[in-house]
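Working notes, beginning with the structure itself.
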């Protein structure tokens with residue numbers, strides 16, 4: 363999969379200025395900024411994610427994850443294992459558990475969503 367990344371870089375430059383107040387001259391500084399954008403495409407692998415929490419918010423996130431290109435949920439967890447099992451069936455996730463540490467330590471997982 364090809365994904366375009368946009369990079370923003372800001373450059374701040376301090377410049378000296380002199381203002382006359384009455385008879386005295388006061389030296390000060392002001393800052394100008396420049397904003398530059400560049401875009402590049404990179405090949406990236408699919409990101410495999412685990413979701414902790416299969417309540418309302420966890421299900422909302424699972425719905426979004428399954429629709430996102432290049433993102434695959436691989437494990438879900440919930441203290442009430444029946445909720446994890448139901449979410450796994452609903453979103454075609456191959457593994458479910460009642461222990462959040464199983465999600466965190468799963469070697470297949472690249473990122474973890476904490477929705478508890």
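Residue numbers (my numbering): 363 to 478.
We treat Cβ as the ideally placed atom computed from N, Cα and C, and that holds for glycine.
Per DSSP, which residues does residue 412 bridge with? Please list them. According to DSSP, residue pairing for residue 412 in a beta bridge involves 437, 474.
Just list the residues that DSSP pairs residue 428 with in beta bridges. DSSP output for residue 428 lists no bridge partner at all.
If you compare alpha carbons, which of 432, 410, 441, 407 is closest to residue 477? When each option's Cα is compared against that of residue 477, the closest is 441.
Residues in the same chain with beta-carbon distance under 6 Å from residue 450, minus the five sequence neighbours each way, listed in chain order, please. Within the same chain, residue 450 has close Cβ partners 438, 458.
Tell whether a beta-carbon distance below 8 Å holds between residue 407 and residue 470. Going by C-beta atoms, residue 407 is not nearer than 8 Å to residue 470.
Using 8 Å as the threshold, is the C-beta distance between residue 417 and residue 436 below it? Not a contact, by the Cβ cut-off of 8 Å.
Is residue 456 helix, strand or coil when you go by DSSP? In the three-state DSSP reduction, residue 456 falls in the coil class, being neither helix nor strand.
Is the separation between the beta-carbon of residue 453 and that of residue 434 shorter than 8 Å? Contact: no.
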